[in-house]
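Asks: If you read the sequence shown in full-length UniProt numbering, its first letter stands for residue 1, the second for the next number, and so on.
Backbone N, C-alpha and C define an ideal beta-carbon position, used for all residues, glycine too.
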Amino acid sequence: MQRLLFFLFFAVACCCTSATSGGKWDLLLPSVGIVAMHMQLLHDNRVIIYDRTDFGTSNISLADNKCRMDPNELRLVKDCSAHSVEYDVASNSIRPLMVQTDVWCSSGAVTPDGRLVQAGGYNDGDHTVRIYTPCDDGSTCDWVEIPSGLIQRRWYATSHILPDGRQIIIGGRRQFNYEFYPKGASSTTYLLPFLVQTYEFPATENNLYPFVFLNVDGNLFIFANNRAILLDYTNDVVVKTYPEIPDGHPRNYPSTGSAVLLPLKNLQEETTEAEVLVCGGAPKGSFVNANASRIFDQALDTCARIKITDQDPQWVMEKMPLSRVMSDMILLPTGDVLIINGCSNGTAGYDNGRSPALNPVIYEPDNQTDSRFEIQNPATTPRMYHSSAILLADGRVLVGGSNPQYYYRFTGVMFPTDLSLESFSPSYLDPEFGYLRPTITSPVTQTMVGYGQQIPIQFMVPGEVNLDLVTVTMVAPSFNTHSFSMSQRLLVLGSGNVTLVGLHKYQIRVATPSSGNLAPSGFYMLFVVHQGIPSEAIWIQIQ
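1. Taking Cβ positions, are residue 256 and residue 380 nearer each other than 8 angstroms?
2. Please report the straight-line C-alpha distance between residue 476 and residue 490, rounded to a whole angstrom.
3. Would residue 527 and residue 541 be called neighbours here (beta carbons separated by less than 8 angstroms)?
4. Just the C-alpha distance for residue 309 and residue 474, rounded to the nearest angstrom, thanks.
5. Can the beta-carbon of residue 162 be found closer than 8 angstroms to that of residue 513?
6. Mapping DSSP to helix, strand and coil, what is residue 5?
7. With DSSP run on the structure shown, which of helix, strand or coil describes residue 275?
8. Can you tell me whether residue 504 is buried or exposed, with buried defined as 16 or more other CB within 10 angstroms of its CB?
9. Residue 33 CB to nearest chain C CB: under 8 angstroms?
10. Nearest by alpha-carbon distance to residue 294: which of 285, 331 and 302 is it?
11. Out of 262, 264 and 197, point me to the one whose CA is closest to residue 250's CA.
12. Does the pairing of the region 451-467 with the region 369-379 give three or more beta-carbon distances under 8 angstroms?
13. To test your reading of the DSSP string, which unbroken beta strand (DSSP E) runs of 3 or more residues are found completely within the region 64-89?
14. Taking 6 angstroms as the limit between beta carbons, can you name the residues of its chain near residue 456, skipping five residues before and five after?
15. Closer than 7 angstroms by C-beta to residue 125: which residues in its own chain qualify, once you throw out the five before and the five after it? Chain order, please.
16. Going by the DSSP bridge assignment, what does residue 96 pair with across the sheet?
17. From residue 75 to residue 59, what does the alpha carbon distance come to, in whole angstroms?
18. Taking only the alpha-carbon atoms, compute the straight-line gap between residue 525 and residue 248 and give it to the nearest angstrom.
19. From residue 77 to residue 57, what distance separates their C-alpha atoms?
20. So the candidates are 61, 40 and 35; which of them puts its Cα closest to the Cα of residue 52?
21. Check each candidate in 111, 122, 398 and 388 and name the one with the smallest Cα separation from residue 159.
22. Compute the distance between the beta-carbons of residue 216 and residue 264, then report whether it is under 8 angstroms.
23. Hey, would you say residue 327 sits closer than 8 angstroms to residue 304, going by beta carbons?
24. Check this for me: beta carbons of residue 421 and residue 398, under 8 angstroms apart or not?
25. Is residue 369 helix, strand or coil by DSSP?
26. To the nearest angstrom, report how far apart residue 516 and residue 393 are at their CA atoms.
27. According to DSSP, is residue 349 part of a helix, a strand, or is it coil?
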């Protein structure tokens with residue numbers, strides 16, 4: 001793809017490279033009735049969205065004249081509006097769902113059989129587990145609540161799916177521990193001193209919604225504030241302590257940067273390398289400055305990258321073309337990282353952000369250090385506090401939310417509450433590249449596969465195919481809230497070795513990951529990528 005590079009020089013002896021704009025924005029729905037504060041794509045290509053119940057009525061009613069009765073509710077004991085919806089990607093339509101208790105600032109992950117398990121929230125929802133099971137007809141399924149599903153109160157915690165199918169829930173406000181769901185026979189909470197060590201006051205912690213990734217050795221990489229550990233959760237032992245990020249600035253809520261586990265390649269537990277990228281955030285003191293003095297500090301313009309599988313891992317700093325706080329980092333099927341949403345000044349929290357960062361940025365991790373960032377075409381809608389973004393199976397990124405002040409306020413404020421849904425289409429979806437775009441013909445979607453299995457994938461391409469530039473990737477659908485996509489994961493299954501099997505029809509054989517440490521069992525989107533142009537995904541279920 002042609003790129004016109006330009007250079008931004010700084011007073012210090014470094015530079016950052018970015019390229020001409022790309023990508024396309026489309027308004028999908030002007031209103032879904034609620035703020036898209038939390039989003040999860042499921043394997044039926046429907047997206048579960050919810051915000052919070054204690055702001056009074058939303059802008060969408062529950063179906064069939066239903067009303068929620070909650071004597072503990074902070075605003076309305078009787079509420080006939082919905083605070084969760086299901087978005088059907090294919091029909092571009094929504095359906096109201098019913099939550100019984102407050103889901104504000106909660107976490108979630110998808111089970112191996114495809115159910116969304118949502119953990120915690122606020123008020124009488126802080127110990128609750130809620131389960132959403134997709135249904136065949138797509139019209140009768142709804143939330144089922146387990147009132148005492150959690151041992152501890154979980155508010156601003158992080159969930160992650162594990163190789164054995166359980167979920168680990170880590171931290172939360174005033175919670176320096178972790179637990180599992182399902183609880184198991186012991187119903188135990190495990191102390192995590194690292195969360196005490198990274199706690200700050202009065203900065204509202206700076207270690208909420210910790211960044212958590214399953215390492216290829218089965219341990220958990222946990223990043224909070226400005227440092228990280230590797231946790232052997234099966235034995236409750238910290239097996240590695242990583243160095244502090246060189247600039248020392250915090251990256252978790254409310255400083256709210258974002259992070260991804262970069263694509264995993266060469267999929268063998270003994271040889272696979274794992275790297276984590278942390279970008280953006282707000283400098284130390286930003287939360288206090290915004291709340292006490294209404295001073296909105298410039299956000300960080302740096303990324304920090306570390307190979308967590310190294311014997312002596314060290315952070316490497318890179319400079320972004322834009323300062324950014326409260327942005328989301330989404331793994332694209334090509335293996336690139338999309339940095340989207342957020343603002344350039346301030347911090348997380350109500351009315352604490354300024355200068356919307358309207359231009360997404362694509363980070364290409366395999367490029368040379370000085371040519372990894374590409375600035376994309378700007379949005380017209382600011383996506384500030386409580387916005388979200390997720391990857392869809394067709395390669396678009398679904399974007400929604402933004403509620404930077406208490407309650408729904410549509411007028412008379414700098415940044416109104418936004419109930420719309422948009423899509424961002426990276427330039428790989430431009431019509432001019434249609435002749436390069438693969439279409440997977442086999443296997444069919446929803447196919448089950450095993451670990452370490454050789455599978456043939458057949459696909460068609462309208463134009464001429466470069467057999468050496470075909471790659472197969474598989475992406476776990478992530479739970480997104482507060483600028484972090486939980487359980488997000490991309491694996492490169494193979495490349496090259498393509499054979500012609502018919503007119504415009506080709507086959508590539510790839511091997512699935514060798515274990516659940518590389519890819520926890522469950523549903524994944526599988527893409528064929530040809531010359532940087534991805535197919536629409538099929539869903540596979542690895543067991």
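Replies: Let's see:
1. In the sequence shown, counting from the first residue as 1, residue 256 sits at position 256. In the sequence shown, counting from the first residue as 1, residue 380 sits at position 380. Not in contact: residue 256 and residue 380 (Cβ atoms no closer than 8 angstroms).
2. Taking the first residue of the sequence shown as position 1, residue 476 is located at position 476. Taking the first residue of the sequence shown as position 1, residue 490 is located at position 490. Rounded to the nearest angstrom, the two C-alpha atoms are 6 angstroms apart.
3. In the sequence shown, counting from the first residue as 1, residue 527 sits at position 527. In the sequence shown, counting from the first residue as 1, residue 541 sits at position 541. No, Cβ-Cβ distance for residue 527 and residue 541 is not below 8 angstroms.
4. What you label residue 309 is simply residue 309 of the sequence shown in a count that begins at 1. What you label residue 474 is simply residue 474 of the sequence shown in a count that begins at 1. Each residue's Cα considered, the two are about 21 angstroms apart.
5. For the purposes of this step, residue 162 is taken as the residue at position 162 of the sequence shown. For the purposes of this step, residue 513 is taken as the residue at position 513 of the sequence shown. No; because the gap between Cβ atoms is not below 8 angstroms, this pair is not in contact.
6. Taking the first residue of the sequence shown as position 1, residue 5 is located at position 5. Bear in mind that a pLDDT of 31 at residue 5, under 50, signals an unreliable position, so the model cannot answer this.
7. As a working note, residue 275 is residue 275 in the sequence shown. Collapsing the DSSP output to three states places residue 275 in a strand.
8. Residue numbering aside, residue 504 sits at position 504 when the sequence shown is read from its first letter. So residue 504 ends up on the exposed side.
9. Of the protein chains in this structure there is only one, and it is not chain C.
10. Here residue 294 corresponds to residue number 294 of the sequence shown, with the count starting at 1. Residue 285 is the option with its Cα nearest to residue 294.
11. Here residue 250 corresponds to residue number 250 of the sequence shown, with the count starting at 1. Closest option to residue 250, Cα to Cα, is 197.
12. no
13. 84-88
14. Counted from its first residue, the sequence shown places residue 456 at position 456. If we look at residue 456 and ignore the five residues flanking it on each side, its Cβ neighbours are 507 and 509.
15. One-based indexing of the sequence shown puts residue 125 at position 125. Correct list, in chain order: 101, 102 and 103.
16. Within the sequence shown, the letter at position 96 stands for residue 96. Answer by DSSP bridge pairing, in chain order: 85.
17. On the sequence shown, residue 75 is found 75 positions in, with the first residue counted as 1. On the sequence shown, residue 59 is found 59 positions in, with the first residue counted as 1. Near 15 angstroms, if we compare the C-alpha coordinates of residue 59 and residue 75.
18. On the sequence shown, position 525 is the one that residue 525 refers to. On the sequence shown, position 248 is the one that residue 248 refers to. Each residue's alpha carbon lies about 36 angstroms from the other.
19. Position 77 of the sequence shown, counted from the start, is the residue given in the question as residue 77. Position 57 of the sequence shown, counted from the start, is the residue given in the question as residue 57. Between residue 77 and residue 57, the C-alpha separation is close to 11 angstroms.
20. Counting from 1 along the sequence shown, the entry for residue 52 is found at position 52. When each option's Cα is compared against that of residue 52, the closest is 35.
21. As a position in the sequence shown, residue 159 is number 159, starting the count at 1. Ranking 111, 122, 398 and 388 by Cα distance to residue 159 puts 111 first.
22. Locating residue 216 in the sequence shown gives position 216, where the first residue counts as 1. Locating residue 264 in the sequence shown gives position 264, where the first residue counts as 1. Yes, Cβ-Cβ distance for residue 216 and residue 264 is below 8 angstroms.
23. For the purposes of this step, residue 327 is identified with residue 327 of the sequence shown, where counting begins at 1. For the purposes of this step, residue 304 is identified with residue 304 of the sequence shown, where counting begins at 1. No; because the gap between Cβ atoms is not below 8 angstroms, this pair is not in contact.
24. The residue you call residue 421 lines up with position 421 of the sequence shown. The residue you call residue 398 lines up with position 398 of the sequence shown. Contact: yes.
25. Translated into the one-based positions of the sequence shown, residue 369 becomes position 369. Helix.
26. Along the sequence shown, one-based indexing puts residue 516 at 516. Along the sequence shown, one-based indexing puts residue 393 at 393. Approximately 22 angstroms between the Cα atoms of the pair.
27. By 1-based counting over the sequence shown, the position of residue 349 is 349. Reduced to three states, the DSSP call for residue 349 is coil.
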